[in-house]
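Under our numbering, the letters of the sequence shown match residues 978 to 1163, in that order.
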Amino acid sequence: MFARPLTADAELRPLEPWRAEEFLRHLDRARESISPWVSPSFVAADLPSARNVLQRYADRRARDDGGIWGIWLDGELVGGVLFVSFDAAAGLCEAGCWLEPAAEGRGLVTRAAGVIIDWAVGERGIQRVEWRTNAGNARSIAVARRLGMRHDGTLRQVYPGPTGARIDLEVWSLLADEWRNPAPVP
Ligand SMILES: CC(C)(COP(=O)(O)OP(=O)(O)OC[C@H]1O[C@@H](n2cnc3c(N)ncnc32)[C@H](O)[C@@H]1OP(=O)(O)O)[C@@H](O)C(=O)NCCC(=O)NCCS
């Protein structure tokens, strides 16, 4: 019912539990490319699990401590953005994102993340938006840069990787003043 245009052919909408079948079909297209980079619990493999993922985020939205929004390109769900955590009282949140391969390279996630960050900073008083990413995830780091985030630091060997080597996690962040008065992206 509610949609926010991102480009002439793409929209951002709430991604609610009733869309679980559509979400699962999308995950089937995205599974291979996103699995190395997102939490295994997000990449649902059947309908009840897909519904659970969306219900978890709906519950978080209701509690005002998270949320998930989908990106539709030419009427098809192709990815989205989310608040992994959201704490208005503390002025902190963490944003995240994903896309299926066919939707990459169009600036959709940068635009969609901009919409939710704008809301978080402009309407909810969030002072610091965090972005946490596997240090090997060049595309995610490029999104953080495009959003005007800065690299706070790297948490070394935070969790085990698929080959046994442990994964470093980069923490990027954007402060409210930096969002309102963006520096030119280098
Ligand atoms: C991370 C991910 C969402 C980035 O997708 P993406 O398409 O590179 O990001 P954006 O939507 O911001 O688009 C940027 C691309 O569009 C291009 N672009 C075109 N028009 C643009 C515009 N108006 N604004 C910004 N970028 C634009 C950019 O040049 C860039 O393409 P390039 O990297 O080929 O140069 C995607 O790679 C993904 O889903 N990865 C797997 C899951 C994942 O890593 N999630 C994040 C976990 S922390």
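Note that beta-carbon positions come from the ideal geometry of N, C-alpha and C, so glycine has one too.
Thinking C-alpha only, which one of VAL1020, ARG1033 and LEU1050 is nearest ARG981?
Closest by alpha carbon: LEU1050.
Under 8 Å from any heavy atom of ligand 1, does the C-beta of ALA1084 make it?
Looking at the sequence shown, residue 1084 is not Ala but Gly. For ligand 1, at least one heavy atom lies less than 8 Å from the Cβ of GLY1084.
Just to check, is the beta-carbon of THR1087 closer than 8 Å to a non-hydrogen atom of ligand 1?
Answer for THR1087: yes, Cβ within range of ligand 1.
Could you tell me which of ARG1037, TRP1014, HIS1003 and GLN1134 sits nearest to ASP1023, measuring between CA atoms?
Residue HIS1003 is the option with its Cα nearest to ASP1023.
Closer than 6 Å by C-beta to ASN1114: which residues in its own chain qualify, once you throw out the five before and the five after it? Chain order, please.
Answer for ASN1114: TRP1014, listed in chain order.
Taking one C-beta from the stretch 1153-1163 and one from the stretch 1093-1111 each time, how about it: are there three or more such pairs within less than 8 Å?
Flag = yes, the stretch 1153-1163 and the stretch 1093-1111 touch.
Cβ of VAL1000 within 9 Å of Cβ of PRO991?
The amino acid occupying residue 1000 in the given sequence is Phe; Val does not appear at that position. For PHE1000 and PRO991, no; Cβs fall outside 9 Å.
Hey, how far is the Cα of SER1026 from the Cα of ILE1103?
Distance between the alpha carbons of SER1026 and ILE1103 is about 31 Å.
Keeping to the same chain, check which residues put their C-beta closer than 8 Å to that of TRP1108; ignore five residues upstream and five downstream.
Result list for TRP1108: GLU1071, ALA1072, GLY1073, SER1117, VAL1120, ALA1121, LEU1124, MET1126, VAL1148, TRP1149, SER1150 and LEU1151, in chain order.
Taking Cβ to Cβ, would you say LEU1076 is nearer than 9 Å to ILE1048?
In contact: LEU1076 and ILE1048 (Cβ atoms closer than 9 Å).
Just the C-alpha distance for LEU1085 and GLY1056, rounded to the nearest angstrom, thanks.
Taking the straight line from one Cα to the other gives about 9 Å.
Since PRO982 sits in a beta bridge, which residues does DSSP pair it with?
Answer by DSSP bridge pairing, in chain order: GLU988.
Look at the alpha carbon of TRP1046 and the alpha carbon of LEU989, and state the distance between them as a whole number of angstroms.
Rounded to whole angstroms, TRP1046 to LEU989 spans 6 Å at the Cα level.
To the nearest angstrom, report how far apart ALA1035 and PRO994 are at their CA atoms.
Their backbone Cα atoms lie some 7 Å apart in a straight line.
Could you have a look at ARG1109 and say whether DSSP puts it in helix, strand or coil?
Three-state DSSP puts ARG1109 in a strand.
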